[in-house]
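Listed in order, the protein sequences are those of chains Y and L.
In terms of our numbering, the first sequence is residues 144 to 414.
In terms of our numbering, the second sequence is residues 9 to 235.
To keep things clear, I will list the structure first and then write my remarks on it.
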Amino acid sequence: MIADQPEIILYPIDPDLAASKWVVVGASVQGTNHIKIPLPCQDAHAYKALNDSILVAAVADGLGSAMYAQAGAQLAAVRAVTYVEQALAAAVPSDEDAWIQLVRDCFLSACARLEEEALKNQAVLRDYSTTLILAIFTSDWLVTGHIGDGATVASLEDGGLVLVSQAQNEEYVNVTFPLTMPDMIHIAEFKACPIRVKALALMSDGMQQVSIHTADNTPHPPFFEPLFRQLPGVKDMHKASQNLAEFMASDQICAHTDDDKTLVLIGRQRV
Amino acid sequence: MSDESPEFDAKVASVAENPEQRCPCILLLDVSGSMDGAAINQLNAGLQTFRDSIRKNELASMRVEVAIITFGKAVELKQDFITVDQFDAPILSARGQTPMGAAINLALDKLEERKQIYKQAGISYFRPWIFLITDGEPTDEWHSAATRIQAMEERKGVTFFVVGVDKANLSTLAQIAPKNRPPVKLNGLDFASMFIWLSSSLGKVSDSKIGAQVALPPTSDWTAITA
Numbered sequence: 144m145i146a147d148q149p150e151i152i153l154y155p156i157d158p159d160l161a162a163s164k165w166v167v168v169g170a171s172v173q174g175t176n177h178i179k180i181p182l183p184c185q186d187a188h189a190y191k192a193l194n195d196s197i198l199v200a201a202v203a204d205g206l207g208s209a210m211y212a213q214a215g216a217q218l219a220a221v222r223a224v225t226y227v228e229q230a231l232a233a234a235v236p237s238d239e240d241a242w243i244q245l246v247r248d249c250f251l252s253a254c255a256r257l258e259e260e261a262l263k264n265q266a267v268l269r270d271y272s273t274t275l276i277l278a279i280f281t282s283d284w285l286v287t288g289h290i291g292d293g294a295t296v297a298s299l300e301d302g303g304l305v306l307v308s309q310a311q312n313e314e315y316v317n318v319t320f321p322l323t324m325p326d327m328i329h330i331a332e333f334k335a336c337p338i339r340v341k342a343l344a345l346m347s348d349g350m351q352q353v354s355i356h357t358a359d360n361t362p363h364p365p366f367f368e369p370l371f372r373q374l375p376g377v378k379d380m381h382k383a384s385q386n387l388a389e390f391m392a393s394d395q396i397c398a399h400t401d402d403d404k405t406l407v408l409i410g411r412q413r414v
Numbered sequence: 009m010s011d012e013s014p015e016f017d018a019k020v021a022s023v024a025e026n027p028e029q030r031c032p033c034i035l036l037l038d039v040s041g042s043m044d045g046a047a048i049n050q051l052n053a054g055l056q057t058f059r060d061s062i063r064k065n066e067l068a069s070m071r072v073e074v075a076i077i078t079f080g081k082a083v084e085l086k087q088d089f090i091t092v093d094q095f096d097a098p099i100l101s102a103r104g105q106t107p108m109g110a111a112i113n114l115a116l117d118k119l120e121e122r123k124q125i126y127k128q129a130g131i132s133y134f135r136p137w138i139f140l141i142t143d144g145e146p147t148d149e150w151h152s153a154a155t156r157i158q159a160m161e162e163r164k165g166v167t168f169f170v171v172g173v174d175k176a177n178l179s180t181l182a183q184i185a186p187k188n189r190p191p192v193k194l195n196g197l198d199f200a201s202m203f204i205w206l207s208s209s210l211g212k213v214s215d216s217k218i219g220a221q222v223a224l225p226p227t228s229d230w231t232a233i234t235a
């Protein structure tokens, strides 16, 4: 059995988020195999409440084969969120094409950030290989961008669960498409739906195995529903995120996955 | 921390019962007459080590599926795909020639068959491994099998390793092995160290995603130094 405690990363709750009507509960937890090898937790996440009607979140999973995977994941997630924050401060899109253009530019910007870092450290872009999932959650739009594996699951107003974005189709579970690949912008998937959803979950592939049915790619309701149901009542987001991290580090989860794992849950406070 | 129930308790979520992800691995073993004696005994002991070593990792022993194809007097599927937690190492004996070409073809056929089974059952899987061990060179037609497996390696359809033992003809084996991964020479009859390496490499592969290159542990523990 593993005696060592896994590394846990909680994204700081900033004052804007604390004061907003949003609830975010999220954590990245080092996989049991990364403890053994040892490798740091190469998953990262970031989020920002822009106001009471717009929240942006990102999840990134650094590739085990990349030398600076951890930095790559962190830089990509933070840049993606910062890019959207700045772009929306200038103008909020009102149609699908404009939203998609914004997310595409966001992914190019996140990749450019990694290129910048590679140049600074005399490394190559591939050394920072990471997946990237981005979601912009507004009162009337759900906008996503996705390269590599992992998934986004939404809870609809009628209570149904839907897989909003998923891994690009690669044959092997241990091979994926990174943000840093040459043709990334044509392989990544960008979606903008004029829909108001109740809650959203972003996850890296480490959590997919325990929450999404692999046979038909549908979310597992007994996993998501109890979590989504509790979001509106959360007052202390940091404490709730700690609780989530403990669950993700538990034997119940680790029996099914030894990879790093990230789960970010987004909902609105009960009014 | 107080005893009061938390306002958010993630433990109420119950996990999806998905079939375990699989990492198929075919051992392609030379049991021709020349392997008789110490070599086959060490190979048998090595298989036992392989099994025991993977079984130390609970998740890997449920994920790694091993199949054994031997080539000697005949080409034989000695062990069809089985997860290591169920696997008992066979005792092999050595006789006959070295029909390596036919053995490679059978391995590729079995692999395709296995992938179809995974797909139908909704099981996700890792890039398969084929691990070939020989002390000689093929005595049958091998060029078409070599072309086939190299093409598959180039398409990233398989990770193919070739290990030569004792008097193995490394220059012929180099024409069978993938261009980017030449055959390696086993240090004496140290199958044990080789199988420990294989089991930890399978553990690594069944861990996280790989991108352009596969980061595996060094093989220097069990390969002979060649000038």
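All C-beta atoms in this analysis are idealised placements derived from N, C-alpha and C, irrespective of residue type, glycine included.
- Query: So is residue 17 (chain L) in contact with chain Y if we call contact Cβ pairs under 8 Å?
  - Reply: Taking the first residue of the second sequence as 1, we reach residue 17 (chain L) at position 9. By this cut-off, residue 17 (chain L) is an interface position.
- Nearest chain L C-beta to residue 395 (chain Y) closer than 8 Å, yes or no? Position 252 of the first sequence, counted from the start, is the residue given in the question as residue 395 (chain Y). For residue 395 (chain Y), the nearest CB of chain L lies under 8 Å from its own CB, placing it at the interface with that chain.
- Message: If we require 4 or more residues per run, which alpha helix (DSSP H) segments fall completely within the segment 374 to 404 of chain Y?
- Response: Here the runs fully enclosed are 380 to 391 and 394 to 397.
- Looking at residue 115 (chain L) and residue 90 (chain L), is the spacing between their C-beta atoms short of 8 Å? As a first step, residue 90 (chain L) is located in the second sequence; it is residue number 82 there, counting from the start. As a first step, residue 115 (chain L) is located in the second sequence; it is residue number 107 there, counting from the start. No, these two residues do not count as a Cβ contact at 8 Å.
- Query: In three-state terms, what does DSSP make of residue 154 (chain Y)?
  - Reply: Numbered from 1 along the first sequence, position 11 holds the residue referred to as residue 154 (chain Y). Three-state result, residue 154 (chain Y): coil.
- Query: Hey, how far is the Cα of residue 70 (chain L) from the Cα of residue 229 (chain Y)?
  - Reply: As a first step, residue 70 (chain L) is located in the second sequence; it is residue number 62 there, counting from the start. As a first step, residue 229 (chain Y) is located in the first sequence; it is residue number 86 there, counting from the start. One C-alpha to the other measures close to 47 Å.
- Task: Would you please verify whether the beta carbon of residue 67 (chain L) is less than 8 Å from any beta carbon of chain Y?
- Result: Stepping through the second sequence from its first residue, residue 67 (chain L) is reached at position 59. Residue 67 (chain L) belongs to the set of residues whose beta carbon lies under 8 Å from a beta carbon in chain Y.
- Residue-level contact to chain L via CB, residue 386 (chain Y), 8 Å cutoff: In the first sequence, the residue the question calls residue 386 (chain Y) occupies position 243. Interface residue, yes.
- Taking Cβ-Cβ distances shorter than 9 Å, what residues in chain Y pair up with residue 188 (chain L)? Locating residue 188 (chain L) in the second sequence gives position 180, where the first residue counts as 1. For residue 188 (chain L), none of the residues of chain Y pass the 9 Å Cβ criterion, the least Cβ distance being about 15 Å.
- Query: With C-beta atoms as the reference, is residue 268 (chain Y) less than 8 Å away from residue 225 (chain Y)?
  - Reply: For this step, residue 268 (chain Y) is matched to residue 125 along the first sequence. For this step, residue 225 (chain Y) is matched to residue 82 along the first sequence. Contact: no.
- Task: Could you check if residue 138 (chain L) is buried or exposed, using at least 16 other CB atoms within 10 Å of its CB as the buried criterion?
- Result: As a position in the second sequence, residue 138 (chain L) is number 130, starting the count at 1. Here residue 138 (chain L) is buried: its Cβ has 16 or more other Cβ atoms, across all protein chains shown, within 10 Å.
- Proximal residues to residue 150 (chain Y) (C-beta, below 7 Å), its chain only, five neighbours per side dropped: Position 7 of the first sequence holds residue 150 (chain Y). For residue 150 (chain Y), where only same-chain residues beyond five positions count, the Cβ hits under 7 Å are 173, 183 and 184.
- Query: Considering only the beta carbon of each residue, do residue 294 (chain Y) and residue 355 (chain Y) sit closer than 8 Å?
  - Reply: In the first sequence, the residue the question calls residue 294 (chain Y) occupies position 151. In the first sequence, the residue the question calls residue 355 (chain Y) occupies position 212. Going by beta carbons, residue 294 (chain Y) and residue 355 (chain Y) fall inside the 8 Å limit.
- Please report how far the alpha carbon of residue 165 (chain L) lies from the alpha carbon of residue 256 (chain Y), in whole angstroms. For the purposes of this step, residue 165 (chain L) is taken as residue 157 along the second sequence, with counting starting at 1. For the purposes of this step, residue 256 (chain Y) is taken as residue 113 along the first sequence, with counting starting at 1. Separation of residue 165 (chain L) and residue 256 (chain Y) (C-alpha to C-alpha, rounded to the nearest whole angstrom) is 33 Å.
- Query: If we cut at 8 Å on Cβ distances, does residue 219 (chain Y) have a partner in chain L?
  - Reply: Against the first sequence, residue 219 (chain Y) aligns to sequence position 76. No - not a single Cβ of chain L is within 8 Å of the one on residue 219 (chain Y).
- Beta-carbon separation (whole angstroms), residue 376 (chain Y) vs residue 15 (chain L), contact threshold 8 Å: As a position in the first sequence, residue 376 (chain Y) is number 233, starting the count at 1. As a position in the second sequence, residue 15 (chain L) is number 7, starting the count at 1. Yes, residue 376 (chain Y) and residue 15 (chain L) are in contact; Cβ-Cβ is about 6 Å, under 8 Å.
- Item | Where the alpha helix (DSSP H) containing residue 70 (chain L) begins and where it ends | In the second sequence, residue 70 (chain L) corresponds to position 62, counting from 1. Counting along the chain, residue 70 (chain L) sits inside the alpha helix (DSSP H) bounded by residues 66 to 71.
- Task: Tell whether a beta-carbon distance below 8 Å holds between residue 143 (chain L) and residue 182 (chain L).
- Result: In the second sequence, the residue the question calls residue 143 (chain L) occupies position 135. In the second sequence, the residue the question calls residue 182 (chain L) occupies position 174. One thing to note: residue 143 (chain L) has its Cβ no nearer than 8 Å to the Cβ of residue 182 (chain L).
- Message: Could you check whether the Cβ of residue 63 (chain L) sits closer than 8 Å to any Cβ belonging to chain Y?
- Response: Locating residue 63 (chain L) in the second sequence gives position 55, counting from the first residue. At least 8 Å separates the CB of residue 63 (chain L) from every CB of chain Y.
- Query: Quick one: is residue 134 (chain L) near chain Y, going by C-beta distance under 8 Å?
  - Reply: As a working note, residue 134 (chain L) is residue 126 in the second sequence. So yes, residue 134 (chain L) belongs to the interface.
- Message: Give me, in chain order, the residues of the same chain whose beta-carbon lies closer than 7 Å to that of residue 401 (chain Y); leave out the 5 immediate sequence neighbours on both sides.
- Response: Here the question's residue 401 (chain Y) lines up with position 258 in the first sequence. Around residue 401 (chain Y): 174, 175 and 176.
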